[in-house]
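S.K.: Protein chains in written order, with numbering that gives the first Met the number 0: chain A, 0 to 96; chain B, 0 to 355. Each residue gets a CB set at the ideal place from its N, CA and C atoms; glycine is no exception. None of these values were measured; they are calculated from a predicted model. There's a structure below that I have some questions on.
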Amino acid sequence: MNITIELAGGAELLFGNQRKHEVTLPESDKQWTMATLLPWIRDNLLQERGELFMQGKSVRPGILVLVNDADWELAGELDYVIENKDNIMFISTLHGG
Amino acid sequence: MPTECVECGKRAILKRPKNRKALCKDCFYSVFEYEIHETITKNRLFKPGETIAIGASGGKDSTVLAHIMKLLNDRYDYGLNLVLLSIDEGISGYRDDSLETVKRNQIQYSLPLKILSYQELYGWTMDAIVKEIGMKNNCTFCGVFRRQALDRGAAMLKCDKIVTGHNADDIAETVIMNILRGDIARLGRCTSISTGSEGMISRCKPFKYTYEKEIVMYAHFKKLDYFTTECIYSPNAYRGHARTFLKDLEKIRPRAILDIITSGEDMAIKEEVRMPIQSTCQNCGYIASSELCKACIMLDGLNRGRPELSIGKNNKRKKILKMTAEKAKEAGKNGKLNGANAVHDISVSQDVENMF
Ligand SMILES: [Zn+2]
Ligand SMILES: [Zn+2]
């Protein structure tokens with residue numbers, strides 16, 4: 000399954016300053032959801048300070064998540080089932096005003 | 000199946016933090032813009048013909064503020080002259096990049112821009128100050144200097160008011176900080192939408208009730224050009240904890256932000272609480288609660304190579320001052336800024352960046 004992961008608002012600083020990542024998720028018996036995607040991103044894409052990206056099982060409060068350019072709070076958050084060609088975007092609100 | 004907009008049925012793109020309503024892009028834009036217009040008119044923030052300085056840092060809040068001020072001024076005919084005012088603290092690799100963003104904003108919004116630097120105002124850049132004092136109290140220096148720099152810039156541009164991009168999350172965070180410090184004077188001030196004592200240019204916050212989430216979403220969907228890097232000189236850790244605490248609360252109950260602001264507003268100041276008396280600085284004329292303003296005290300310390308005099312524990316400061324005063328007496332010279340009386344009763348060890 001191929002998806003696009005985008006970082007903005009300062010979140011890209013945790014990912015080697017790269018804003019866009021085209022990734023292939025490994026085949027799995029279970030469905031990929033946001034709950035399984037987040038730790039995968041942390042372990043495979045994140046370059047530094049994992050605690051600034053995740054808190055507990057979710058993203059750190061203050062990081063906005065968009066699924067196909069819509070607020071993930073409308074899509075079930077951690078329960079959202081990832082589909083092929085999805086675009087998942089993380090925007091930090093925690094960087095300077 | 001995508002969620003539908005509660006207003007029009009189109010595909011929703013945002014769940015509003017204040018009421019959990021799902022909105023499409025167009026309904027979000029219109030309610031976001033309209034609510035800020037309402038805040039401005041209900042609180043009578045501006046009068047026709049006024050010149051307004053927009054404190055512009057290149058970051059998300061001030062970039063959205065510049066966009067919104069321009070848009071509402073045109074749409075509702077406020078009759079305001081808008082100018083962008085940026086402060087260059089002299090932090091290489093940070094401020095130079097964000098100033099480039101402001102310069103692009105100036106062209107995008109066709110607004111005049113004034114950049115004022117610490118170097119030209121104070122003779123010191125933040126890079127030079129950090130070299131002198133290290134990374135410990137640098138944010139205190141920077142906060143005091145920035146606040147005064149904005150006032151001076153606005154005065155040079157003959158502005159009637161300054162608007163800043165402080166949003167609801169920022170104000171709630173400042174309420175918590177002031178409670179944690181027991182700073183009742185600032186607690187009262189930090190929630191007011193418009194502040195300004197006599198002789199000072201008043202400041203207002205059109206985003207007082209606007210959630211940070213919505214500002215960032217608006218900037219994202221409108222593809223506004225803003226700058227995102229952290230200041231290279233580490234931010235205040237105490238404030239960082241307050242911010243994390245607030246974001247955790249907001250995650251569970253988004254209304255918490257507005258509720259904290261209301262609590263701050265409702266905490267009345269009791270009669271017997273003594274408020275610091277405001278007067279003007281004998282050296283530069285800026286508002287001060289002792290003979291000299293905080294910036295002049297800090298500059299004096301920096302220029303004499305003793306920045307620790309202007310900051311930190313009172314006792315230690317007094318001891319050092321007594322020593323230097325005696326030494327100075329012995330040497331027979333008595334500078335204008337010398338002596339313990341210039342430094343009594345200041346509490347700049349609490350960071351002062353909370354107004355900007
Ligand atoms: Zn709609
Ligand atoms: Zn002064």
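Please indicate yes or no: does the CB of B/C141 lie closer than 7 Å to some heavy atom of ligand 2?
M.R.: Here residue 141 of chain B corresponds to residue number 142 of the second sequence, with the count starting at 1. For ligand 2, not one heavy atom lies less than 7 Å from the Cβ of B/C141.
S.K.: For B/L83, verify whether its CB is less than 7 Å away from any heavy atom of ligand 2.
M.R.: What you label residue 83 of chain B is simply residue 84 of the second sequence in a count that begins at 1. B/L83: no, Cβ never under 7 Å from ligand 2.
S.K.: Taking the runs of the beta strand (DSSP E) that are 3 residues or longer, which of them lie wholly in the segment 111-143 of chain B?
M.R.: Runs of the beta strand (DSSP E) inside the segment 111-143 of chain B: 112-116.
S.K.: How should A/I40 be labelled, buried or exposed, when 16 other C-beta atoms within 10 angstroms of its C-beta is the threshold for buried?
M.R.: For the purposes of this step, residue 40 of chain A is identified with residue 41 of the first sequence, where counting begins at 1. A/I40 is buried by the Cβ-count criterion.
S.K.: Any heavy atom of ligand 1 within a distance shorter than 7 Å of the CB on B/C292?
M.R.: Start at 1 with the first residue of the second sequence, and residue 292 of chain B comes out as number 293. B/C292 Cβ: outside cutoff for every heavy atom of ligand 1.
S.K.: Suppose contacts are defined by Cβ-Cβ distances below 8 Å. Is B/D159 in contact with B/T50 by that definition?
M.R.: Looking up residue 159 of chain B in the second sequence gives position 160. Looking up residue 50 of chain B in the second sequence gives position 51. Contact: yes.
S.K.: Here's the rule I'm using: 16 or more other beta-carbon atoms within 10 Å means buried, otherwise exposed. How should B/D25 be labelled?
M.R.: The count along the second sequence starts at 1 and reaches residue 25 of chain B at position 26. Exposed: under 16 other Cβ atoms inside 10 Å.
S.K.: For B/E211, go through chain A and note every residue whose CB falls closer than 7 Å to its CB, in chain order.
M.R.: By 1-based counting over the second sequence, the position of residue 211 of chain B is 212. T92, listed in chain order.
S.K.: Does the beta carbon of B/V215 come closer than 8 Å to any beta carbon on chain A?
M.R.: Numbered from 1 along the second sequence, position 216 holds the residue referred to as residue 215 of chain B. Chain A, which has a Cβ nearer than 8 Å to the Cβ of B/V215, makes this yes.
S.K.: Where does B/C356 land, buried or exposed, given buried means 16+ other C-beta within 10 angstroms?
M.R.: Any answer about residue 356 of chain B is impossible in this case: the structure gives chain B only from 0 up to 355.
S.K.: Looking at the C-beta of A/E21, does it have a partner C-beta in chain B at a distance below 8 Å?
M.R.: Position 22 of the first sequence, counting from 1, holds the residue named residue 21 of chain A. By this cut-off, A/E21 is not an interface position.
S.K.: Would you please state the rounded distance, in angstroms, between the beta carbons of B/L84 and B/L156? I believe it to be under 8 Å.
M.R.: In the second sequence, the residue the question calls residue 84 of chain B occupies position 85. In the second sequence, the residue the question calls residue 156 of chain B occupies position 157. Their Cβ separation, rounded to whole angstroms, is 7 Å, which keeps B/L84 and B/L156 in contact under 8 Å.
S.K.: According to DSSP, is B/S61 part of a helix, a strand, or is it coil?
M.R.: Walking along the second sequence from the start, residue 61 of chain B turns up at place 62. Three-state result, B/S61: helix.
S.K.: Closer than 7 Å to a non-hydrogen atom of ligand 1 - does that hold for the CB of B/K46?
M.R.: Along the second sequence, one-based indexing puts residue 46 of chain B at 47. No.
S.K.: Is B/I53 near B/A148, with beta carbons less than 8 Å apart?
M.R.: The residue given as residue 53 of chain B occupies position 54 in the second sequence. The residue given as residue 148 of chain B occupies position 149 in the second sequence. No, Cβ-Cβ distance for B/I53 and B/A148 is not below 8 Å.
S.K.: Going along the chain, which residues of the segment 10-44 of chain B sit with their C-beta nearer than 8 Å to a C-beta in chain A?
M.R.: So the list reads R10, A11, I12, L13, K14 and A21, given in the order they occur along the chain.
S.K.: At the level of alpha carbons, what is the spacing between A/A34 and B/R146?
M.R.: Your numbering for residue 34 of chain A matches position 35 in the first sequence. Your numbering for residue 146 of chain B matches position 147 in the second sequence. Straight-line Cα distance between these residues: approximately 44 Å.
S.K.: Taking Cβ-Cβ distances below 8 Å as the criterion, which residues of the segment 70-81 of chain A are in contact with chain B?
M.R.: The residues in question are D70, E72, L73 and A74.
S.K.: Are the C-beta atoms of A/D68 and some chain B residue less than 8 Å apart?
M.R.: Indexing the first sequence from 1 puts residue 68 of chain A at position 69. A/D68 counts as touching chain B.
S.K.: Look up A/I2 in the DSSP assignment and give the residues it is bridged to.
M.R.: For the purposes of this step, residue 2 of chain A is identified with residue 3 of the first sequence, where counting begins at 1. DSSP, once it has assigned bridges, lists A/V22 as partnering A/I2.
S.K.: Reducing DSSP to helix, strand and coil, say where A/A7 ends up.
M.R.: Sequence index remark: in the first sequence, residue 7 of chain A carries index 8 (1-based). Correct three-state label for A/A7: strand.
S.K.: Show which residues of chain A have a CB atom less than 7 Å away from the CB atom of B/K246.
M.R.: Residue numbering aside, residue 246 of chain B sits at position 247 when the second sequence is read from its first letter. Chain A residues near B/K246: P60 and G61.
S.K.: Within this structure, are the beta carbons of B/M176 and B/A241 separated by less than 8 Å?
M.R.: Translated into positions along the second sequence, residue 176 of chain B becomes position 177. Translated into positions along the second sequence, residue 241 of chain B becomes position 242. Against a cut-off of 8 Å, the Cβ pair of B/A241 and B/M176 comes out as a contact.
S.K.: Mark B/E37 as exposed unless 16 or more other C-beta atoms lie within 10 angstroms of its C-beta, in which case mark it buried.
M.R.: Counted from its first residue, the second sequence places residue 37 of chain B at position 38. It counts as exposed.
S.K.: How would you call B/G58, buried or exposed, if buried means at least 16 neighbouring beta carbons within 10 angstroms?
M.R.: Numbered from 1 along the second sequence, position 59 holds the residue referred to as residue 58 of chain B. It is buried - the Cβ of B/G58 has at least 16 other Cβ atoms within 10 Å.
S.K.: Look at B/K89 and B/M125 and say whether their C-beta atoms are less than 8 Å apart.
M.R.: The residue labelled residue 89 of chain B in the question sits at position 90 within the second sequence. The residue labelled residue 125 of chain B in the question sits at position 126 within the second sequence. The question names Lys, yet the displayed sequence has Gly at residue 89 of chain B. Yes, these two residues count as a Cβ contact at 8 Å.
S.K.: Along chain A, which residues have their Cβ under 8 Å away from the Cβ of B/K69?
M.R.: As a position in the second sequence, residue 69 of chain B is number 70, starting the count at 1. By Cβ distance, chain A contributes nothing, its closest Cβ being about 18 Å from B/K69, past 8 Å.
S.K.: Measure how close the beta-carbons of A/E72 and B/K14 come, nearest whole angstrom, since I'm counting them as under 8 Å.
M.R.: Here residue 72 of chain A refers to the residue found at position 73 of the first sequence. Here residue 14 of chain B refers to the residue found at position 15 of the second sequence. Contact flag correct, Cβ pair sits at about 4 Å.
S.K.: In chain A, which residues lie less than 9 Å from B/P1 when you measure between Cβ atoms?
M.R.: Reading the second sequence from its first residue, position 2 is the one you call residue 1 of chain B. Within chain A, the residues near B/P1 are N67, A69, L73 and A74.
S.K.: Where does B/D258 fall in DSSP's three states?
M.R.: Translated into the one-based positions of the second sequence, residue 258 of chain B becomes position 259. Of the three classes helix, strand and coil, the one that applies to B/D258 here is helix, per DSSP.
S.K.: Reducing DSSP to helix, strand and coil, say where B/G152 ends up.
M.R.: The residue labelled residue 152 of chain B in the question sits at position 153 within the second sequence. DSSP places B/G152 in helix when its eight states are reduced to three.
S.K.: Rounded to whole angstroms, what is the Cα-Cα separation between A/E97 and B/L301?
M.R.: The structure shown does not extend to residue 97 of chain A, since chain A is modelled only from 0 through 96, so no value can be given for it.
S.K.: Could you check where the beta strand (DSSP E) with B/G54 kicks off and where it finishes?
M.R.: The count along the second sequence starts at 1 and reaches residue 54 of chain B at position 55. Looking at the DSSP string, the run of the beta strand (DSSP E) that includes B/G54 is T50 to G54.
S.K.: Would you check if the distance between the CB atom of B/L263 and the CB atom of B/T163 is smaller than 8 Å?
M.R.: On the second sequence, position 264 is the one that residue 263 of chain B refers to. On the second sequence, position 164 is the one that residue 163 of chain B refers to. Going by the sequence as given, residue 263 of chain B is Gly instead of Leu. No.
S.K.: Strictly by DSSP, which residues pair up with A/A69?
M.R.: Taking the first sequence and counting its residues from 1, the one referred to as residue 69 of chain A is at position 70. DSSP lists A/V66 as partners of A/A69.
S.K.: Locate the alpha helix (DSSP H) running through B/N177, then write down its first and last residues.
M.R.: As a first step, residue 177 of chain B is located in the second sequence; it is residue number 178 there, counting from the start. Per DSSP, B/N177 belongs to the alpha helix (DSSP H) from A167 to R180.
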